[in-house]
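Each residue of the sequence shown is one higher than the one before, starting from 957 at the first, in our numbering.
Cβ atoms here follow ideal geometry from the backbone N, Cα and C, with glycine treated the same way.
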Amino acid sequence: MNNLTDAKRAKAIVERLSAEYPDASCTLDFESPWALMVGAILAAQCTDERVNKITPELFDRFPDIQSAAEAELSDIEPIIRSCGLFRNKARAIKGSASMIIERFDGRIPETREALLELPGIGRKIANLMLGDAFGQQEIVVDTHCKRLAKLMGFTTSDDPLAVERDLLSVVPENERTRWGHLMVSHGREVCRARCRRCFSCGIRDLCQYGTAVDASDKKEDDCV
Ligand code: SF4
């Protein structure tokens, strides 16, 4: 691998991938912090595409935090059934809405500590909210981010919290939110879980795994 420090490598990766994926952003459709939170709850073990098909009907029926808090679970569940884990997700949506009204005066809190008090909200969703709804800089460690961080040589851990900590020490502070989106784009387009297209990858010279592979590792489908 080249002689750059990890921080310089991470900065160069942001620059190159930003040029490659200029529109990289959250792939959940949302027009308000509440809509993002609901979409993120629904996205657990479900694709963002499916969530985006479900949410218009859900928000037609329950357009805001108040209506979600007052909804019957039996009215939410059939609408979100196709995204799986629908009973838990309905409870998380209604429970979060109720707590936001009762504990936070109807406003979604803007700190991680408070967000984590809401039912169904873990660190990944909290970071997503802070970054994409509230304009803070946070790294969302999802499956793509975790996998690519390891391949790039920024972490040796599989634990999301440790991966986040390792990335925080190298990713430019003002690019933390974008980093997550770039990893999703690159993880879907080029560096797929079962097909890493290292020989077509624009950051191969900056990647620990990529610089270690050679042509003999390439399979017929160009994946390694
Ligand atoms: S060089 Fe290979 S492993 Fe590294 S980011 Fe690119 S596709 Fe992924």
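Asked	Found
Bridge-paired residues (DSSP) for residue 1147	1152
Nearest-angstrom Cα separation, counted from residue 1129 out to residue 1152	28 Å
Distance between beta carbons of residue 1052 and residue 993, contact taken as under 8 Å	7 Å
Presumed contact (8 Å Cβ cut-off) between residue 1038 and residue 1006, rounded CB distance	7 Å
Minimum C-alpha distance to residue 1131 - residue among 1180, 1088, 1109 and 1156	1088
Sequence ranges, alpha helix (DSSP H) only - wholly within the segment 1103 to 1134, length at least 4	1116 to 1124
Residue 1096 vs residue 1084 beta-carbon contact at 8 Å	yes
Sequence-distant residues of its chain with Cβ nearer than 7 Å to residue 1041 (five each side left out)	1000 and 1001
Span separating the alpha-carbon of residue 1168 from that of residue 1063	49 Å
Beta-carbon proximity list for residue 1120, same chain, < 7 Å, skipping 5 on both sides	1095 and 1097
The ligand SF4 heavy atom lying under 7 Å from the CB of residue 977	no
Residues of its chain near residue 1008, where Cβ-Cβ distance is below 6 Å and the 5 sequence neighbours each way are ignored	985
Length of the line joining the Cα atoms of residue 1023 and residue 996	18 Å
Beta-carbon proximity of residue 990 to residue 1020, cut-off 8 Å	yes
Cβ-based neighbour list, residue 1081, same chain, cut-off 8 Å, excluding 5 preceding and 5 following	993, 996, 997 and 1071
DSSP three-state assignment for residue 1172, whether helix, strand or coil	helix
Span of the alpha helix (DSSP H) around residue 1034	1029 to 1036
Distance cut-off 7 Å: residue 1124 Cβ against heavy atoms of the ligand SF4	no
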